[in-house]
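Everything below concerns the one structure shown next.
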Amino acid sequence: MSTECIDPWTGGPQGQALSPGGQYGALASGSCLPPSASASWSLPRWRAYLAAAVLCYINLLNYMNWFIIPGVLLDVQKYFHISDSHAGLLQTVFIGCLLVSAPVFGYLGDRHSRKATLSFGILLWSGAGLSSSFISYQYSWLFFLSRGVVGTGAASYSTIAPTVLGDLFVKDQRTCALAVFYIFIPVGSGLGYVLGSVVAELTGNWRWALRIMPCLDAVALVLLILLVPDLPRGAAEKEEEVAVGPPRSSWCEDVRYLGRNWSFMFSTLGVTAIAFVTGALGFWAPKFLFEARVVHGLQLPCFQEQCGSQDSLIFGALTVATGIIGVILGAEASRRYKKVNPRAEPLICASSLFATAPCLYLALILASRTLLASYVFLALGELLLSCNWAVVADILLSVVVPRCRGTAEALQITVAHILGDAGSPYLTGLISSVLQTGRPNSYLQRFLGLQHSFLCCTFVIVLGGGCFLLTALHLERDQARARQSGKGTLDSKDVASRNTESQGLLSGTSTPAEE
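Written out as structure tokens, the structure is:
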């Protein structure tokens, strides 16, 4: 019994003639799809929009879970009696477990039900978050462990959700959907601070913030089960599934190709610099601002567990507002500037990072003199950092061949977290603790130690801007290569090799049409 290749466009059998590009048989038009795969998957537009809204809502909760602890960090330190260096380790454990788990969830998401994997992740992070609110102060190690489990659950969503969203839309609609999806990163981060601060203030107990989040997570789980379909991979873009079908390159080939893609490499280093700074700021900024208020005499020192402070609330509101404006501003500037300069995207990223460095430096230095100016420059710095979120995604998509983009996204996320926000909170806290050694135990010395440890972020952000300038030097060449090898292999050697194999098959095999 012979098997025919079904043409996904017409539903009829495909011919096995050699394509102009030198690809044979099913590769010439895409792939030899089984009958079940050839049937087109259709989803009403309103269902796609509804599913995208649910995914954005869960992304909001995901990042709220990331930053709810920094919003009540002073209370957590007082309750568990932990120093700055150990407090910074909280976020490092969270990110570290996320990184270890991400490849596992990526593997599961490529081979099993993505909806089931996402549901498991939500159950995992909400259960760990709820249980951590009942841990006694004598078991601080157990609280650290619970934050790691929350990070493991978050890994499932960060890894799989963008691929589901990509299967709901194509082309311009996909770009807009991803831009909206990315907006909820700073919005969720900011609301995490706000929720932690407000709930602690209203209830007098910071642990209630961890008990409210599972209620929101339960709503998200129900919406995910009811409203998000378990899509076939490549459902919204069958023509791209055909274009990038088998034979599939190995993971090692993909990594080797990405290692030679200089635009990808340098942009990944630039994203790592951004992650380093946002990780340190996101974790320590509320405490830094609180101690600045104490130094100015605007706030009483905290000597008990409940440390009433509006700084987490203010910083959270700034993060939400600047995040929304920054993402929109960066995307629009890129769209307009690309019309006159093909290297617009990395140049916009470099310019925003170079402008962020003096803003961050002034925000730190002026905090000991005038809090208003410090807040203003901090808001400007966050705004400029947020301009990069949507732009860096466009850079990656434009310089990497379609079949490699999943691997590229995973590698960029992994490198950015490992070298960026996984260690920056701990490193900042460690430097602060070292600088305080041998000094009087006062709020002024704590403030100065944290202020000086933050200064390393200004140097890192300048290095990130330099990496994006190097990206601009290679961008056009790598974009051209990605377009040329869009259908097939990863580089010219692979193209030649596979074309030779195709010619050999052609000479020794007759087509179904001829038979």
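Per this note's numbering, the very first residue in the sequence shown carries number 871; after that it's consecutive. All residues carry an ideal CB built from backbone N, CA and C; glycine is no exception.
Indicate whether residue i and residue j have their beta-carbon atoms separated by less than 8 Å.
i            : j            : result
residue 929  : residue 1031 : yes
residue 968  : residue 918  : no
residue 1153 : residue 1056 : no
residue 939  : residue 960  : yes
residue 1200 : residue 1184 : no
residue 1268 : residue 1354 : no
residue 1291 : residue 1148 : yes
residue 1136 : residue 1341 : yes
residue 1133 : residue 1344 : yes
residue 1298 : residue 1252 : no
residue 1140 : residue 1334 : yes
residue 988  : residue 1094 : yes
residue 1037 : residue 1097 : no
Is residue i helix, strand or coil when you go by DSSP?
i            : result
residue 1292 : coil
residue 1238 : coil
residue 1287 : helix
residue 1351 : helix
residue 944  : helix
residue 1228 : helix
residue 1014 : helix
residue 958  : helix
residue 978  : helix
residue 1117 : Caution applies to residue 1117, whose pLDDT of 48 falls short of 50 and renders its modelled position unreliable; the model cannot decide the point.
residue 1211 : coil
residue 1344 : helix
residue 1169 : coil
residue 1050 : helix
residue 1064 : helix
residue 1101 : coil
residue 1298 : helix
residue 1336 : helix
residue 1309 : coil
residue 897  : Because residue 897 carries a pLDDT of 35, less than 50, the predicted location of this residue cannot be relied on, and no value is offered for it.
Please report the residue range of the alpha helix (DSSP H) in which residue i lies.
i            : result
residue 1165 : 1132-1165
residue 1261 : 1259-1269
residue 1321 : 1313-1324
residue 996  : 984-1002
residue 1391 : Given that the chain is displayed from residue 871 to residue 1385, the structure contains no residue 1391 and the question cannot be resolved.
residue 1182 : 1181-1207
Going by alpha carbons, who is nearest to residue i out of the options?
i            : options                   : result
residue 1265 : 1058, 1333 and 1138       : 1138
residue 1143 : 947, 1348 and 1338        : 1338
residue 1017 : 963, 1229, 1184 and 1305  : 963
residue 1395 : 1091, 1090, 1065 and 1093 : Outside the shown range of the chain (871 to 1385) lies residue 1395, about which nothing can therefore be said.
residue 946  : 1328, 1072, 1206 and 1005 : 1005
residue 1026 : 1008, 1059, 977 and 1165  : 977
residue 1235 : 1278, 1208 and 1317       : 1317
residue 1208 : 1093, 1346 and 957        : 1346
residue 965  : 1019, 998 and 952         : 1019
residue 970  : 1029, 956, 982 and 1008   : 1029
residue 957  : 1013, 1277 and 1180       : 1013
Comparing the C-beta of residue i with each C-beta of chain D, is any distance below 8 Å?
i            : result
residue 1069 : The chain labelled as chain D is not found in the depicted structure, where only one protein chain is given.
Is it the case that the CB of residue i approaches a heavy atom of the ligand FAD more closely than 7 Å?
i            : result
residue 1100 : Although the ligand FAD was asked about, the structure shown includes no ligands whatsoever.
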